[in-house]
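Novice: I'd like to ask some things about the structure below.
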Amino acid sequence: MKAEINPINWRQKAGLVLLNGGLFMVLLVLSHYVWKGEFHDWYVLIFQGLFFGVFMAFGFPYVFGKIANSLGVRLGKSIHPALNTSEEIETEGPANLFRGAEAVGGKLFLTNERLIFKSHKINIRTGQSNFPYETITDVQARKTGKLIDNGLRILTTDGSEFDFVVAERASWMEKLQEKINRAN
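For the sequence shown, UniProt numbering gives the first residue as 1, with consecutive numbering after it.
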C-alpha cells in the first residue's frame with residue numbers, strides 16, 4: 001500500500017504565488033503603518049510580496065520535499081517490528097498513533113497474528129504496541145482534528161481506544177475487519 005499525492009498544476013501554483021505574496025504584502029503594509037504611520041515605497045513592497053510568493057510556491061516545496069523524502073525513506077527502512085517465529089507481515093504502511101496529545105510517528109503492520117504499531121526513533125515516546133486480533137472489538141473511521149478523513153480508531157476488549165492516522169484508511173479498515181472477523 002503506497003499513498004499517492006497528486007502534484008499541483010501551474011494554475012494552482014500561480015494561485016499560491018498570489019495568495020502568499022498578497023498576504024505577505026498586507027502584513028508588511030499593516031506593520032509599516034503601525035510602526036511608521038505611512039508607507040511610500042510601493043515598488044519594494046510589490047517586489048518583496050512577489051519574491052515571497054514565488055519562494056513559497058516553488059522553492060519551499062522543493063527544499064522541503066528533498067529533506068522529507070530523504071529523512072522519510074531512511075526512517076521507514078529502519079522500522080522493523082519484533083515478530084514471533086511463525087509471524088509474517090502481510091501489510092505495512094506509515095502511520096501515527098495518538099498517545100495523549102502526541103501523534104507518535106511510525107509504521108503500522110498487519111501480520112497473520114496481530115496488528116503492530118512500531119514508532120520511529122525521532123519520537124519522544126518510542127516502542128512497539130501490539131494488538132492481537134482477539135482483543136480488538138471494533139474498528140471505526142474517524143476524522144483527524146475533526147476535519148480530515150484519515151483516522152482509524154481501534155477499540156479493545158478492555159475498553160481502551162487507540163487512534164491512528166493512516167493513508168488509504170478504507171483499505172486498512174477492510175483488511176483489519178477481515179482479520180478481526182476471522183479471530184472472533
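Built from N, CA and C at the ideal position, the CB exists for glycine as well.
Source: prediction; values computed, not measured.
From G65 to A57, what distance separates their C-alpha atoms?
Specialist: Distance between the alpha carbons of G65 and A57: 12 Å.
Novice: Candidates V139, E168 and E174: which alpha carbon is nearest S160's?
Specialist: Nearest Cα to S160 within the set V139, E168 and E174: V139.
Novice: To the nearest angstrom, how far is the alpha carbon of I116 from that of I148?
Specialist: Cα to Cα, I116 sits roughly 23 Å from I148.
Novice: Using DSSP with H/G/I as helix, E/B as strand and the rest coil, what is E88?
Specialist: coil
Novice: Which class does K2 belong to by DSSP, given the choice of helix, strand or coil?
Specialist: Any reading at K2 must be qualified, since the residue scores a pLDDT of 45, below 50, and its modelled position is unreliable; the value itself is stated next. Of the three classes helix, strand and coil, the one that applies to K2 here is coil, per DSSP.
Novice: Could you give the residue range of the beta strand (DSSP E) that holds F162?
Specialist: E161 to V166
Novice: Pairing CB atoms from the region 79-94 with CB atoms from the region 143-158, are three or more of them under 8 Å?
Specialist: With the cut-off at 8 Å, the region 79-94 and the region 143-158 do not touch.
Novice: So for K107, helix, strand or coil by DSSP?
Specialist: strand
Novice: Could you check where the beta strand (DSSP E) with I154 kicks off and where it finishes?
Specialist: I148 to T156
Novice: In the DSSP assignment, the alpha helix (DSSP H) including F131 goes from what residue to what residue?
Specialist: Premise fails: F131 lies in the beta strand (DSSP E), Q128 to P132, not in any alpha helix (DSSP H).
Novice: Here's the rule: buried if 16 or more other CB atoms are within 10 angstroms of the residue's CB, otherwise exposed. What is K143?
Specialist: exposed
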